[in-house]
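Asks: Residue numbers (the numbering used here): 7 to 167. Each residue gets a CB set at the ideal place from its N, CA and C atoms; glycine is no exception.
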């Protein structure tokens, strides 16, 4: 991955707070908690998941990889956390506040990464070896873009019902 590609992913990660705020603006409370299908998350639950993934997934993994040689990186079981933490009962404003704080921490960590450090690796318990830049890519595309897309799809789907 070259610097231009890393910069695109970093740009996605930097822009997501504003994009998420815009996506949630004016969404009625009833739609925030509406599930598009059994076993699928509501917008509220997606945001809770984003917070937990930010803190316990990305921030944790970046820190471990930068501090240790090839650390083991545990999986974050989103469905398990959603049940254990009772996402539907959490205050969305507080969740968003906590997510924004964790995102600021992630950005502060990533800002300090030197070019040669992007190749440092950790071994994910299910996905195997992953470099710092691979995790950055997964965060930008598989997390931020994917979850923003889910939120927009829920909003559109609900409009058609």
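Check residue 56 in the structure and name its three-state DSSP category.
Replies: As a position in the chain shown, residue 56 is number 50, starting the count at 1. Here residue 56 sits in helix by DSSP.
Asks: Is the beta carbon of residue 108 within less than 7 Å of some heavy atom of the ligand GTP?
Replies: The ligand GTP is not among the ligands present in this structure, which contains no ligands whatsoever.
Asks: For the beta strand (DSSP E) containing residue 34, name the first residue and the last one.
Replies: In the chain shown, the residue the question calls residue 34 occupies position 28. First-last for residue 34: undefined, no H or E at that position.
Asks: Comparing alpha-carbon positions, which option in 108, 118, 51 lies nearest residue 40?
Replies: Locating residue 40 in the chain shown gives position 34, where the first residue counts as 1. Among 108, 118, 51, the Cα nearest to that of residue 40 belongs to 51.
Asks: Sorted by chain position, which residues of the same chain lie with C-beta nearer than 8 Å to residue 19's C-beta, five sequence neighbours on each side aside?
Replies: Here residue 19 refers to the residue found at position 13 of the chain shown. Contacts found: 109, 112, 113, 116, 142, 145, 146, 150.
Asks: Taking the alpha carbon of residue 160 as the point to measure from, which residue in 38, 122, 127 has its own alpha carbon closest?
Replies: Reading the chain shown from its first residue, position 154 is the one you call residue 160. Ranking 38, 122, 127 by Cα distance to residue 160 puts 38 first.
Asks: State the beta-bridge partners of residue 135 as determined by DSSP.
Replies: In the chain shown, the residue the question calls residue 135 occupies position 129. In the DSSP output, where bridge partners are listed per residue, residue 135 has 129.
Asks: Please classify residue 39: does DSSP put it in a helix, a strand, or coil?
Replies: As a first step, residue 39 must be located in the chain shown, where it is residue number 33. Here residue 39 sits in coil by DSSP.
Asks: Rounded to the nearest angstrom, what separates residue 148 and residue 16 at their Cα positions?
Replies: Counting from 1 along the chain shown, the entry for residue 148 is found at position 142. Counting from 1 along the chain shown, the entry for residue 16 is found at position 10. Using only the alpha carbons, I get a separation of about 13 Å.
Asks: Tell me, which residues are paired with residue 78 by DSSP?
Replies: As a first step, residue 78 must be located in the chain shown, where it is residue number 72. Residue 78 is bridged to 129.
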